[in-house]
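Chemist: A single structure is presented below for examination.
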Amino acid sequence: MHCHVFLTGPPGSGKTTLIQKVCDVLASSRLPADGFYTEEVRQGCRRVGFDVVTLSGNRGELARIGDYFSSKKPVHRVGQYVVDISSFEQLVLPLMDRFKSTIKTINRPVCVIDEIGKMELLSQPFVLAVNKILDNPSVVVFGTLPVSRGKFLPIVEEIKHRQDVKLFNVGESYILCITCKCVNSNNTIFFF
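Sequential numbering from 1 applies to the sequence shown in the UniProt record's numbering.
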């Protein structure tokens, strides 16, 4: 039986949009859920970076085009973007730690992770936290993975081939408009 659900697809295919819609369903169902999604930051018509947004609404800088990067911290680059690992870790790691602590008291919480991509994988503590959560059988992970383009990302390939992962390829048509229709008493997400 698959425990975790991941969406994959090229940039702009609708992965984050689907994540947000499922998060709305989870919130209205009052199911235990926590996590984050990545949101574009635009200035006019131009994308200048990405922020991480938690399900509770907290926001932190993930990356900016070099000219828009505000931090004096060490610089990590992915393409034209400067990645703020410190900001990412300050927001996401405590959230994942809190999430891990609720595992002991709540049955099958849902952990939302959008996304496990090049920028996020610059954080080794994040990689360790993801692996720990995926290995916990009492957690359902709902997340996104990038399409491999060029550089091979070992953890992404490992996740795609796990026995407890169901992978959906998001195309231009939003994988036939997948929506989260219901959640049973075991907090299993059903997709139609």
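Glycine included, C-beta positions come from ideal geometry on N, C-alpha and C.
Going by alpha carbons, who is nearest to Cys23 out of Asp114, Leu62, His76 and Cys3?
Modeler: Checked all of Asp114, Leu62, His76 and Cys3; the closest Cα to Cys23 is Asp114.
Chemist: For Asn169, which beta-bridge partners are listed by DSSP?
Modeler: Asn169 is bridged to Thr8.
Chemist: Could you check if Cys177 is buried or exposed, using at least 16 other CB atoms within 10 Å of its CB as the buried criterion?
Modeler: Because the pLDDT of Cys177 is 45, which lies under 50, any placement of that residue in the model is unreliable, and the number read from its coordinates should be weighed accordingly. Counting Cβ neighbours within 10 Å, Cys177 comes out exposed, since fewer than 16 surround it.
Chemist: Look at the Cβ atom of Ile85, then the Cβ atom of Leu122, and state whether they are nearer than 8 Å.
Modeler: Their beta carbons are under 8 Å apart, which means Ile85 touches Leu122 by this criterion.
Chemist: How would you label Glu40, buried or exposed, when you count the other beta carbons within 10 angstroms and need 16 or more for buried?
Modeler: Glu40 is exposed by the Cβ-count criterion.
Chemist: With 16 other CB atoms within 10 Å as the buried threshold, where does Val75 fall?
Modeler: Exposed, because fewer than 16 other Cβ atoms sit within 10 Å of the Cβ of Val75.
Chemist: What residue range does the alpha helix (DSSP H) around Cys23 cover?
Modeler: Run containing Cys23: Lys15 to Ser28, per the alpha helix (DSSP H) assignment.
Chemist: Tell me, please, whether the region 24-35 touches the region 58-66 by the rule of three or more beta-carbon pairs shorter than 8 Å.
Modeler: No: the two stretches stay apart, fewer than three of their Cβ pairs being nearer than 8 Å.
Chemist: Drop a sphere of 10 angstroms on the beta-carbon of Lys15, count the other beta-carbons inside from all chains shown, and report buried for 16 or more, exposed for fewer.
Modeler: With 16 or more other Cβ atoms within 10 Å, it is buried.
Chemist: With DSSP as the reference, please indicate the residues paired to Pro146 in a beta bridge.
Modeler: Partner(s): Gly9.
Chemist: Is the beta carbon of Phe126 closer than 8 Å to that of Val92?
Modeler: Yes.
Chemist: Let's test the definition: count the other Cβ atoms within 10 Å of the Cβ of Thr8 and tell me whether it reaches 16, buried, or not, exposed.
Modeler: Label assigned to Thr8: buried.
Chemist: Tell me the start and end of each unbroken beta strand (DSSP E) in the region 43-102 that is at least 3 residues and wholly inside, in chain order.
Modeler: With a minimum length of 3 residues, the continuous beta strand (DSSP E) runs that stay inside the region 43-102 are 46-54, 59-65, 76-78 and 81-83.
Chemist: Taking the beta strand (DSSP E) that Val112 belongs to, which residues open and close that run?
Modeler: First-last of the beta strand (DSSP E) with Val112: Val110 to Ile113.
Chemist: To the nearest angstrom, report how far apart Glu158 and Ile19 are at their CA atoms.
Modeler: Taking the straight line joining both Cα atoms gives about 21 Å.
Chemist: Using CA coordinates, which residue listed in Gly150, Gly171, Gly66 and Pro137 is at the minimum distance from Arg162?
Modeler: Taking only the C-alpha atoms, the option nearest Arg162 is Pro137.
Chemist: Are the CB atoms of Phe88 and Val52 within a distance shorter than 8 Å?
Modeler: Against a cut-off of 8 Å, the Cβ pair of Phe88 and Val52 comes out as a contact.
Chemist: On a CA-only basis, which of Val139, Met96, Gly150 and Gly171 is nearest Leu128? Give me that one, please.
Modeler: Taking only the C-alpha atoms, the option nearest Leu128 is Met96.
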